[in-house]
Amino acid sequence: MDNLILKVCTKVLFTPIILFGLYVQFHGDFGPGGGFQAGVIVAAAFILYAMVFSVEDCKVIMPPKLNFFLLALGAFLYGFVGIIGLILGDPYLSYDVLGTTKEAGQHIGILLVEFGVGLTVCNVMISLFYSFANFNFGKKNND
Amino acid sequence: MIGEIIINAFLVTLMLTIAIFIINTRKVISTILLTGTYSLVAALMFVSLDAVDVAFTEASVGAGISTILFLAALSYLPKEEKEEKFNVKHIYAICTCTIVAGLLIWASYDLPLVGQLENPVHQNLAQDFIEGSRNHIGIPNVVTSILASYRGYDTFGETVVIYTAGIAVLVLLYDEVSKTSKINKEKNK
Chain W
762 MDNLILKVCT
772 KVLFTPIILF
782 GLYVQFHGDF
792 GPGGGFQAGV
802 IVAAAFILYA
812 MVFSVEDCKV
822 IMPPKLNFFL
832 LALGAFLYGF
842 VGIIGLILGD
852 PYLSYDVLGT
862 TKEAGQHIGI
872 LLVEFGVGLT
882 VCNVMISLFY
892 SFANFNFGKK
902 NND
Chain F
1228 MIGEIIINAF
1238 LVTLMLTIAI
1248 FIINTRKVIS
1258 TILLTGTYSL
1268 VAALMFVSLD
1278 AVDVAFTEAS
1288 VGAGISTILF
1298 LAALSYLPKE
1308 EKEEKFNVKH
1318 IYAICTCTIV
1328 AGLLIWASYD
1338 LPLVGQLENP
1348 VHQNLAQDFI
1358 EGSRNHIGIP
1368 NVVTSILASY
1378 RGYDTFGETV
1388 VIYTAGIAVL
1398 VLLYDEVSKT
1408 SKINKEKNK
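If you're matching them up, the sequences are chains W and F in order. Start counting the first sequence at 762; every next residue gets the next number (the numbering used here). Start counting the second sequence at 1228; every next residue gets the next number (the numbering used here).
Here it is as structure tokens:
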């Protein structure tokens, strides 16, 4: 797409969108929000970039390999936080033992777990967009 | 109270209008955009029910990202749906829809009123969750404490479902993706 206004607006908006996503991610304990919403918002920034510039340009700032790695890392982080609790002598996915006090442990656990959810959701959305944008459904590759 | 009724009536009318337009339109792109609008109005509905977290999810996932993904998939579809003449299939569909809608409306008479204290939802675990969220977990947003702590297994399951869905799409399409990008790179050289 060759539209100067769109390109400039995207460059201006890209960082605030990600910042808003991070706010939603880490403020989820105190207000509405959490991993699912934040992941989608951050993914929207990358998808906007890919739509206005091109998918190849977006692959420079978010390479597919990093994308796949983060996709798996999110789900792994969630499960791993649960296993830490298990090792320290609590039931799976109970965060009481993670901090010095029970409340601190819960805070750390919930923050990490939500971050894992956010990572997975964000990168699944980006990889879905990559797949759909690049896939040739039986079309001949003419351009 | 009257204000709430007016707002709800407005939102429901809006949703109905959008639904009718979705049924009538033949262009794929307007169907997708109208579905997004429908999700946005549904999000407003959740806000009026004080379910802000659900509204947030609906607005970002339903209205935002799924519309974009549909638009990305749209380029592989024909631009317009074929016009179909009225036939027996339509009569079956109308009958099924009427019966299901009738049953749902009938069942809705057994639902308790929204926000009453003696509703079954407020009787069992809700009290423990609300008190525990303040005393044990120390997080003001009860939704987050239920989602991440009390129902951690469920959320883990959801995350794994999303992960699996993403992997499944990649397994189906990634081979082709890498091939096409290789072809593009060779052409650019």
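Positions of the beta carbon are idealized from the N, C-alpha and C atoms, including for glycine.
Residues of chain W with CB under 7 Å from residue i, in chain order?
i, result
"S1275(F)", "The premise fails here: S1275(F) is roughly 14 Å from chain W at the closest Cβ pair, so nothing lies under 7 Å."
"G1291(F)", "V801, A805"
"I1249(F)", "Result: empty, since nearest Cβ-Cβ is about 22 Å, beyond 7 Å."
Kindly indicate which residue of the options has the alpha-carbon position closest to the one of residue i.
i, options, result
"Q786(W)", "N1351(F), F1383(F), D1280(F)", "D1280(F)"
"G840(W)", "L774(W), G877(W), T771(W)", "G877(W)"
"T881(W)", "V1387(F), Q1343(F), A1278(F)", "V1387(F)"
"Y1303(F)", "D763(W), A894(W), L765(W)", "A894(W)"
"N828(W)", "T861(W), A804(W), I844(W), L809(W)", "A804(W)"
Does any residue of chain F have a CB that is nearer than 8 Å to the CB of residue i?
i, result
"K901(W)", "Bear in mind that the predicted position of K901(W) carries a pLDDT of just 42, short of 50, making it unreliable; the figure below should be weighed with that in mind. Not an interface residue."
"T881(W)", "yes"
"M886(W)", "yes"
"P824(W)", "no"
"L832(W)", "yes"
"F841(W)", "no"
"D818(W)", "no"
Note down, in chain order, every chain F residue with its Cβ under 9 Å from the Cβ of residue i.
i, result
"Q786(W)", "In chain order: nothing, as chain F lies at least about 11 Å away."
Could you spell out where the alpha helix (DSSP H) holding residue i opens and where it closes?
i, result
"T776(W)", "765-787"
"S815(W)", "Segment: none, S815(W) is in no alpha helix (DSSP H) and carries neither H nor E."
"F1356(F)", "1353-1359"
"T1284(F)", "1279-1284"
Using the Cα positions of residue i and residue j, report the straight-line distance between them to the nearest angstrom.
i, j, result
"G870(W)", "V842(W)", "7 Å"
"L1241(F)", "E1285(F)", "17 Å"
"N902(W)", "T1323(F)", "Since pLDDT at N902(W) reaches only 45, below the 50 mark, its modelled position is unreliable, and no value is offered."
"K900(W)", "F1383(F)", "Low per-residue confidence applies at K900(W): pLDDT is 49, beneath 50, and the placement is therefore not dependable, though the value from the model is reported in the following sentence. Cα to Cα, the separation comes out at about 39 Å."
"I887(W)", "E1345(F)", "45 Å"
"D904(W)", "V769(W)", "Per-residue confidence for D904(W) stands at a pLDDT of 41, beneath the threshold of 50, marking its modelled position as unreliable; the derived number appears in the next sentence. If I take the Cα positions, the gap works out to 26 Å."
"I1292(F)", "A1334(F)", "33 Å"
"L847(W)", "G1365(F)", "22 Å"
"Y1390(F)", "G1329(F)", "38 Å"
"L832(W)", "V885(W)", "6 Å"
Along chain W, in chain order, which residues have C-beta atoms closer than 8 Å to that of residue i?
i, result
"P1305(F)", "Those within 8 Å of P1305(F) in chain W number zero; the least Cβ separation is about 12 Å."
Does any CB atom of chain W fall closer than 8 Å to the CB of residue i?
i, result
"Y1401(F)", "yes"
"I1233(F)", "no"
"Y1380(F)", "yes"
"A1395(F)", "no"
"R1361(F)", "no"
"N1368(F)", "yes"
"G1365(F)", "yes"
Along chain W, which residues have their Cβ under 9 Å away from the Cβ of residue i?
i, result
"S1376(F)", "L854, S855, Y856, Q867, G870, I871, V874"
"Y1265(F)", "Simply none; closest approach about 18 Å."
What does residue i touch in chain F if you count any residue whose Cβ is under 7 Å from its own?
i, result
"L889(W)", "L1296, G1393, V1396"
"F893(W)", "L1296, A1299, A1300"
So which residues on chain F does residue i lean against when the C-beta distance must stay under 8 Å?
i, result
"G850(W)", "Here the premise fails: no neighbours, minimum Cβ distance about 17 Å."
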